[in-house]
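>
Numbering (our numbering), first residue to last: 46 to 299.
1) Residues in its own chain within less than 7 angstroms of residue 155 by CB, not counting five upstream and five downstream?
2) What's the call for residue 282, buried or exposed, on a 16-neighbour Cβ count within 10 Å?
3) Please classify residue 179: is it buried, with 16 or more other beta-carbons within 10 angstroms of its beta-carbon, or exposed?
4) Using DSSP bridges, identify the partner residues of residue 172.
5) What's the gap between the Cα of residue 55 and the Cα of residue 181?
6) Note down the Cα distance separating residue 175 from residue 135, rounded to an integer number of angstroms.
7) In this structure, how does DSSP classify residue 245 when only helix, strand and coil are distinguished?
8) Between the stretch 269-276 and the stretch 110-121, do three or more beta carbon pairs fall short of 8 angstroms?
9) Using 8 angstroms for Cβ pairs, my map puts residue 149 next to residue 112. What's the rounded Cβ distance?
10) For the putative contact between residue 109 and residue 69, defined by C-beta atoms under 8 angstroms, what is the C-beta separation to the nearest angstrom?
11) Give me the DSSP bridge partner(s) of residue 129.
12) Using 10 angstroms around the beta-carbon of residue 98, count the other beta-carbons present and answer buried if the total reaches 16, otherwise exposed.
13) Can you name, in chain order, every residue of its own chain whose Cβ lies under 7 angstroms from the Cβ of residue 145, other than the five neighbours on each side?
14) Name the residue from 147, 284 and 160 whose alpha carbon lies nearest to the alpha carbon of residue 57.
15) Could you tell me the distance, in whole angstroms, from the CA atom of residue 143 to the CA atom of residue 102?
16) Closest to residue 217 by CA distance: which of 84, 106 and 79 is it?
17) Can you check which of these residues, 237, 286 and 255, is closest to residue 298 by C-alpha distance?
18) When you compare each of 152, 51, 171 and 296 to residue 63 by their alpha carbons, which one comes out closest?
19) Helix, strand or coil: which one does DSSP assign to residue 259?
20) Put residue 272 into one of helix, strand or coil per three-state DSSP.
21) Would DSSP call residue 221 helix, strand or coil?
22) Is it buried or exposed for residue 191, if we count other Cβ within 10 angstroms and need 16 for buried?
23) Answer yes or no: do residue 172 and residue 292 have a C-beta to C-beta separation smaller than 7 angstroms?
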């Protein structure tokens with residue numbers, strides 16, 4: 046039976062209302078500015094609870110694997126005090142912008158109307174954005190030179206439902222040690238590449254497709270191999286650093 050849009054948004058809201066990750070995010074704090082040791086302790090804490098609640102703890106560990114790794118530290122961190130986090134982290138507390146705190150705020154305030162406007166309507170960017178966006182949308186790059194209006198007096202707006210759904214996809218972007226560097230799934234240097242496919246894929250297959258080595262390939266062989274797996278297009282966005290913040294450029298076809 047086909048569901049109405051309202052039913053879809055209602056079911057989605059109920060499913061995401063009590064996020065299994067809230068406890069994990071609160072254990073981390075406002076930002077990913079924690080030591081490798083503390084990150085390891087959090088992982089051990091949730092691992093010990095797996096027997097009691099397998100599904101919840103497994104999801105939390107998947108999220109942890111996407112947030113960073115305790116195997117190495119950030120190269121610039123003083124006394125090796127900061128764990129190496131995800132390339133998708135866009136803020137760390139400067140200017141009162143807090144990555145994990147903002148995630149918790151988005152989880153707590155997203156409702157059915159936000160999913161409706163994100164999934165079934167033209168994106169009009171009418172949701173309050175201050176403290177409720179993750180800087181993954183190119184519109185979040187509010188540099189004066191790129192805007193018609195002065196950003197200091199122009200309210201920050203966002204698509205809150207899109208931000209909330211993006212949080213759900215984070216566990217697909219695992220951070221793993223490659224040689225002596227931590228790499229985030231989909232990233233090639235500072236470029237983030239993702240595929241578009243034309244079939245229905247289950248979650249484990251999507252995870253595999255996102256990690257395919259030839260996603261960044263530009264030759265005919267790479268395109269052929271990707272097409273055999275249902276990939277019909279790829280897009281790339283560059284992560285840029287402006288001051289103490291990160292943003293992403295508008296996507297471009299590969």
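Here a beta-carbon is modelled for each residue, glycine too, at the ideal position from N, C-alpha and C.
Since we're looking at a predicted model, the values are computed, not measured.
On the basis of the data shown:
1) Position 110 of the chain shown, counting from 1, holds the residue named residue 155. Here the set comprises 205, 206 and 209.
2) Reading the chain shown from its first residue, position 237 is the one you call residue 282. Buried, by the Cβ-count rule.
3) Your numbering for residue 179 matches position 134 in the chain shown. Per the 10 Å Cβ criterion, buried.
4) By one-based count along the chain shown, residue 172 stands at place 127. Beta-bridge partners assigned by DSSP to residue 172: 203.
5) Numbered from its first residue, the chain shown carries residue 55 at position 10. Numbered from its first residue, the chain shown carries residue 181 at position 136. For residue 55 and residue 181, the distance between alpha carbons rounds to 25 angstroms.
6) Looking up residue 175 in the chain shown gives position 130. Looking up residue 135 in the chain shown gives position 90. The straight-line gap from Cα to Cα measures roughly 15 angstroms.
7) Within the chain shown, the letter at position 200 stands for residue 245. Residue 245 falls in the coil class under three-state DSSP.
8) no
9) By one-based count along the chain shown, residue 149 stands at place 104. By one-based count along the chain shown, residue 112 stands at place 67. Between residue 112 and residue 149 the Cβ distance is about 13 angstroms, and since that is not below 8 angstroms, they are no contact.
10) By one-based count along the chain shown, residue 109 stands at place 64. By one-based count along the chain shown, residue 69 stands at place 24. Their Cβ separation, rounded to whole angstroms, is 7 angstroms, which keeps residue 109 and residue 69 in contact under 8 angstroms.
11) Counted from its first residue, the chain shown places residue 129 at position 84. Partner(s): 114.
12) Along the chain shown, read from residue 1 onward, the residue named residue 98 stands at position 53. Exposed.
13) Start at 1 with the first residue of the chain shown, and residue 145 comes out as number 100. Answer for residue 145: 70, 73, 74, 75, 76 and 77, listed in chain order.
14) The residue you call residue 57 lines up with position 12 of the chain shown. Among 147, 284 and 160, the Cα nearest to that of residue 57 is on 160.
15) Here residue 143 is taken as the residue at index 98 of the chain shown, counted from 1. Here residue 102 is taken as the residue at index 57 of the chain shown, counted from 1. Rounded to whole angstroms, residue 143 to residue 102 spans 24 angstroms at the Cα level.
16) On the chain shown, residue 217 is found 172 positions in, with the first residue counted as 1. Nearest option by C-alpha distance: 106.
17) By one-based count along the chain shown, residue 298 stands at place 253. Closest option to residue 298, Cα to Cα, is 237.
18) As a position in the chain shown, residue 63 is number 18, starting the count at 1. With distances taken between Cα atoms, residue 63 lies closest to 152.
19) For the purposes of this step, residue 259 is taken as residue 214 along the chain shown, with counting starting at 1. It is helical.
20) Within the chain shown, numbered from 1, the residue matching residue 272 stands at position 227. If DSSP states are grouped into helix, strand and coil, residue 272 belongs with the helices.
21) Residue mapping note: residue 221 aligns to position 176 of the chain shown, counting from 1. It is a strand residue.
22) The sequence position of residue 191 within the chain shown is 146, counting from 1. Residue 191 is exposed by the Cβ-count criterion.
23) One-based indexing of the chain shown puts residue 172 at position 127. One-based indexing of the chain shown puts residue 292 at position 247. In this structure, residue 292 does not lie closer than 7 angstroms to residue 172 by Cβ.
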